[in-house]
Ligand SMILES: Cc1ncc(COP(=O)(O)O)c(C=O)c1O
């Protein structure tokens, strides 16, 4: 386990290398700091809200919502904060296995093309079966490998994405039972409105329980029945069942949990422009007074969307400084007039704390007209992820 990252002295640093790999240097002073100690604390906080027997599957898909799946999975394993990991594809699961992850991994996405079942089983990943066709393909893989494999069934209750109707789930489970080669270890569903619609969420839960009762009637009783993401697990005790699947809360992206990711950069250029001066592509900002302008090396190629142009702020010298002009591919500009002491090389915080001020991912997401999931996941590989523990 990598234990510490470099500081970023003078704007350059060395990324913590995964075991066996060489460290990658970076000079451009733009990075995302991932506070793995806070992540572990969030896992502990989440667990305290659950009954003892309820297991926790930590969702690390989408490169752990942009936080770095390998380092987040390792942090969770190290503190025994999770019982399972959840990914969206076999590829994501393979990355974890190759990095040495030992926890059971559930592939939450559809496994089409079904050749991926073979890779899933070979890498010790648990596939989701979301159709009768996929049940047949998984049984074929088990036959070919001459070993018993296990899966979780996905049941559609109102999300309308992937999953079987209760009748189709019975057909698939009955088929798998009769092959004797595939253990239906789990069955799950996913809520579409856990944060917004109590009646619909409870209706989805009822549908799921009816589907489970149907499976039980044909002799299939999965050991892990699960439905709840962060919001559902926190709001609906009845939805916790045998296992919960939080992502958002563990990354500290909901109130009550510690934010894990900070997005940081530095001032690389400073100037004072006269009243009327245009800033950025399309001259969408014109200075109304002499303005101190700080240029910061982060742009939409880093995942800091153009939709935030003239709509968000960054912290500099402990003050909120508005982003002015259109965000370009690699840079943006701040009105730093309120920070007369600002210098080239000063720290800029786009997500996170500086002094008494804080900008949350939720705030940036709202300014961009999106959700925090998208804001952190959108950060591209050009932004080095560094880790810290304390
Ligand atoms: C199937 C499934 N389970 C759980 C989660 C975790 O949700 P959250 O991040 O809201 O806790 C997701 C995320 O989208 C998901 O797709």
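Numbering (the working numbering), first residue to last: 225 to 614. Glycine residues also receive a C-beta, built at the ideal position from the N, C-alpha and C atoms.
Enclosing alpha helix (DSSP H) for residue i [first to last residue]
i, result
"residue 286", "285-289"
"residue 385", "Run containing residue 385: none; DSSP gives neither H nor E here."
"residue 588", "585-592"
"residue 596", "596-601"
Contact set for residue i: own chain, Cβ-Cβ below 7 angstroms, skip 5 residues either direction
i, result
"residue 216", "Past the edges of the chain, shown from 225 to 614, lies residue 216, and the structure says nothing about it."
"residue 606", "525 and 526"
"residue 292", "258 and 609"
"residue 367", "405"
"residue 476", "262, 266, 482, 483 and 484"
"residue 614", "261"
"residue 432", "379, 381, 413 and 451"
"residue 340", "314"
"residue 408", "375, 377, 397, 400, 444 and 446"
Collapsed DSSP secondary structure at residue i in the structure displayed
i, result
"residue 272", "helix"
"residue 412", "strand"
"residue 552", "coil"
"residue 458", "helix"
"residue 531", "helix"
"residue 438", "helix"
"residue 482", "coil"
"residue 426", "helix"
"residue 448", "strand"
"residue 249", "strand"
"residue 502", "strand"
"residue 526", "helix"
Endpoints, the beta strand (DSSP E) within which residue i is located
i, result
"residue 403", "Run containing residue 403: none in the beta strand (DSSP E); it sits in the alpha helix (DSSP H), 390-403."
"residue 257", "255-259"
"residue 520", "515-520"
"residue 488", "485-490"
"residue 296", "No beta strand (DSSP E) holds residue 296; the alpha helix (DSSP H) holding it covers 293-302."
"residue 575", "571-578"
"residue 494", "493-497"
"residue 611", "609-612"
Cβ-Cβ separation, residue j to residue i (assumed contact under 8 angstroms), whole Å
i, j, result
"residue 333", "residue 313", "5 angstroms"
"residue 464", "residue 455", "So it is not a contact: roughly 12 angstroms between Cβ atoms."
"residue 491", "residue 540", "7 angstroms"
"residue 537", "residue 474", "About 27 angstroms; that fails the 8 angstroms criterion."
"residue 270", "residue 479", "Rounded, the Cβ-Cβ distance is 13 angstroms, inconsistent with contact."
Cut-off 6 angstroms between Cβ atoms - residues of its own chain near residue i, not counting five sequence neighbours on either side
i, result
"residue 309", "282, 284, 297, 327 and 329"
"residue 228", "With a pLDDT of only 35 at residue 228, under the threshold of 50, the placement of this residue in the model should not be trusted; the figure read from the coordinates follows. Taken in chain order, the list of residues that qualify is empty."
"residue 303", "264"
"residue 579", "542"
"residue 517", "495, 497 and 557"
Cut-off 8 angstroms between Cβ atoms - residues of its own chain near residue i, not counting five sequence neighbours on either side
i, result
"residue 307", "279, 280, 281, 327, 328 and 467"
"residue 384", "416"
"residue 566", "491, 494, 516, 518, 540, 541 and 560"
"residue 443", "401"
Cutoff 8 angstroms: residue i Cβ touching any chain C Cβ
i, result
"residue 591", "Of the protein chains in this structure there is only one, and it is not chain C."
With ligand 2 as the reference, list in chain order each residue whose Cβ lies under 5 angstroms from any of its heavy atoms. In terms of ligand content, the structure shown lacks ligand 2 and carries ligand 1 instead.
Quick one: which unbroken beta strand (DSSP E) runs of 3-plus residues sit fully inside the stretch 306-368? Chain order, please. The stretch 306-368 contains these whole beta strand (DSSP E) runs: 308-311 and 329-331.
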